[in-house]
Amino acid sequence: MNMSYEEYGKLVKKCSPNSPIFKTVPLSFLVGGTICAIGEAFRLWFVSLNMSKEHSGIWVSVILIFATALLTGLGVFHKIAKIGGAGTFVPITGFANSVVSPALEFQTEGFILGVSSKMFIIAGPVIVYGTIASIGSGIVFYIIELFGGNI
Amino acid sequence: MNKARGVIFFEDPPSIVGFAAVAGDMEASGPLKGKFDKVFEGDMDGEKSFEKAESKMQLCAAKKAIEKANLKFEDIDIAFAGDLLNQCIGTNYGLRELEIPFAGVYGACSTMAESISLASVFVASGFIDRAIAVTSSHFCASERQFRFPLEYGGQRPLTAQWTATAAGSVVLSGKVEGNIKVKAVCIGKIVDYQIKDMNNMGAAMAPAAVNTLVKFFKHTGTYPQDYDMILTGDLGQVGSTILSELMDREGYPLKGKHSDCGLLLFERERQDVHSGGSGCGCSAAVLCADVLDRLNCGKLKTVLFIATGALMSPTANQQGESIPGVAHLVFLEGSE
C-alpha cells in the first residue's frame, strides 16, 4: 500500500461518520436540564420545609445519587444516558453511575477483588484530582484571607 | 525476496466435513435468524459469569460441528481454537472437557481464519487426519475487558462496532471427501497505519486486509472478479468503505464481490450496532451459519474468507501505542 500515515488518516476521517451534533447537543441540554430542574424542585421543596440552604443542597445530591444508583441497578440508566450523553454525564448522576456500574459488573470476582477494588476504576481519577484541586483552592483562599481579603 | 511469503496452496486440499455456529439471542434475531445450530438466552444463559457463558458457547459449537461431521471427540487429532479474552479463557475452559490435543490461537478478530489456516496445514501435511478450528467472542465479556462496564452510561461513537456474542467451529479432514475444500491459505503480516482510536477498529484493520488480498491476487494472477465472494471478517461499514477505496487504488476493484461478516450478522440501524458487528465470533458465526452452507449446497463456488484482526491492547493504547492490524485469508471452494 503506497500511502503515508497522514494520507491514510485523511481517508479514515473522510470515511468515518461524525456524531450528529445537531441531535446530540439539544438532547443533552434537554436531559441535563431536566435532571437539574428535578434537583432544583427538590431543593425549593426542602427550603419551603425550613431546611437550611446548605442542608437542602446536600439532600438534593443524596437523592440524585440514590436515584442514579437505583436506575443503574435496574438497567435503565445507560438507556437514558445513551440519549442524554453529556446531560447525564456531567451532573452528579454521571459520577454515581461510574461508581455503581463497575461495582455491579465485577461482583463475579467477589467483594474484595471485584466490587470494592473495581468500584473506582472510572471515578478514581475524578476523586484524586478533585481532592487535589480542592486542597489547591483551599490554600489559595487561606492566603487571600491571610492578607485581609474577604471571600 | 519471495513476494508470496505466507501463501500456501495445497496439492491435496483438506475438506471441511462439519461446521456449526451458535449465537446469542440478539445475533440470532438479525438477518441470519434461524441459521444457527443453537441460540443462547440472555447475557449468561444460566451461567454465573459472562466468561463461563462464552466457554459454554464455544464448547457447544465444537460439539455440534463434530456431531454434524458424524465423528466422535476421539476422532479429532488436534484443536486450534481461540477467543478475545486474556489468556484465551473462553477457549481454555470451554474445550477443557473434550480432551483433544489443543493449540491455543490468538489473532484478535482474525482468529477464525488463522485457526482454519493452521488446521488446514496440519491436515494437508498428512501427519494428522482430522482437525477442528473453533473461535468465539462474547459482547459482555469483551466490553468489560477492553472498554467499560455494561451499565456505564456512555455514548458510543458512530465508528464503534458491536462485539458479537457468537461462536463458530469447523472440522477439517484429509481423508474424507467433503463438498467444501480449503484450496489455499494466506497468512498476513502485521500492518499498522497508526490508528489509535479504539472506537474505530475498521480503520485499524482495513490496511491489513488490503495487504493480504493484494499479496494473494498478485501471487495467483487473479482478480476479485474471479471469485464469487470476498468475505472480510469484521471491517464494518467504516472499514468496508475504506477497503473498497484502497482496493480501487491498488488496481483490484472489489465491485459488488465484497461482503463483510460484521454487516451480514446485524441489521445496523434496527439493532443499533453503529458501524457493524465485530469480534472473532462474528466472522466465525457468519462463515459457519451461512457462507459454508451456501458453499455446501452449491450456491457459492469460490469464496475468499479474509478475517481481519485489530491487535488492540488497552495497556499499549494507554501507553500511546497505535493499533496494529492483521488479516489472514482462506480460499474456500465448493463442489459443482
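Taken in sequence, the protein lines are chains F and W. Going by our numbering, the letters in the first sequence line up with residues 1 to 151, in that order. Going by our numbering, the letters in the second sequence line up with residues 152 to 487, in that order. From the three backbone atoms N, C-alpha and C, an ideal C-beta is built for every residue, glycine too.
Check	Outcome
Nearest to W:S324 (by Cα), restricted to the options W:K189, W:G485 and W:P164	W:P164
Nearest candidate by alpha-carbon position, reference W:E248, set W:C412, W:F224 and W:H289	W:F224
C-beta neighbour in chain F for W:I240, strict 7 Å	no
For W:E162, the three-state DSSP class (helix, strand or coil)	coil
When W:Q422, W:P358, W:L483 and W:M463 are compared against F:S4, the one with the closest alpha-carbon	W:P358
Cβ-based contacts, 7 Å cut-off: residues of the region 12–40 of chain F near chain W	V12, C15, S16, P17 and S19
From W:Y257, W:L222, W:D228 and W:I251, residue whose alpha carbon lies closest to that of W:C239	W:Y257
Host beta strand (DSSP E) of W:H479 (start-end)	G476 to G485
7 Å Cβ cutoff, F:P102 in contact with chain W	yes
Limits of the unbroken alpha helix (DSSP H) element including W:I279	Looking at the DSSP string, W:I279 is not in any alpha helix (DSSP H), and its letter there is neither H nor E.
Reduced DSSP category for W:A315 - H, G, I as helix; E, B as strand; rest coil	coil
Limits of the unbroken alpha helix (DSSP H) element including F:G33	I21 to S48
Close Cβ partners of F:G163 (< 7 Å) along its chain, the five nearest in sequence each way excluded	Residue 163 of chain F lies beyond the range of chain F shown here (1 to 151); nothing can be said about it.
Own chain partners of W:N237 with C-beta closer than 8 Å, once the 5 adjacent residues on each side are dropped	Q296
Beta strand (DSSP E) runs wholly inside the region 216–276 of chain W, at least 3 long, in chain order	229–233 and 253–255
Beta-carbon gap between W:H479 and W:E250 smaller than 7 Å	no
Length at least 4, wholly inside the region 383–449 of chain W: the alpha helix (DSSP H) runs in chain order	387–401, 412–416, 431–437 and 443–447
Cutoff 7 Å: F:G110 Cβ touching any chain W Cβ	no
Any C-beta of chain F under 7 Å from that of W:G460	no
Whole-Å CB distance - W:S473 paired with W:D343, under 8 Å assumed	6 Å
Exposed unless 16 or more other CB atoms sit within 10 angstroms - verdict on W:P252	exposed
7 Å Cβ shell around F:I63 - same chain, five flanking residues per side excluded	F42
Neighbourhood of W:S206 by C-beta distance below 6 Å, restricted to the same chain and skipping five residues each side	G241, Y244 and G245
Min CB distance W:Y344 to chain F below 7 Å	yes
Classification of F:N150 by the beta-carbon crowding that lies within 10 angstroms, buried from 16 upward	exposed
Distance between beta carbons of W:A317 and W:S293, contact taken as under 8 Å	Not really, about 12 Å apart at Cβ, beyond 8 Å.
Simplified DSSP assignment, three categories, for W:M208	helix
Test: F:M51 CB closer than 7 Å to a CB of chain W	no
Close beta carbons around W:A360, own chain, < 7 Å, minus the five adjacent residues each side	T383, L386, L394, I457, T459 and A478
Residues bridged to W:C337 (per DSSP)	W:V158 and W:L480
According to DSSP, residues forming a beta bridge with W:M380	W:V454
W:S200: contacting residues in chain F (beta-carbon distance under 8 Å)	T108
Touching by the beta-carbon criterion (3+ pairs, under 8 Å), the region 271–288 of chain W and the region 225–232 of chain W	yes
Contact with chain W by F:Y142, beta-carbon distance below 7 Å	no
Backbone CA spacing between F:Y142 and F:S56 [nearest angstrom]	27 Å
Spatial distance of W:V481 from W:V158 (CA atoms)	10 Å
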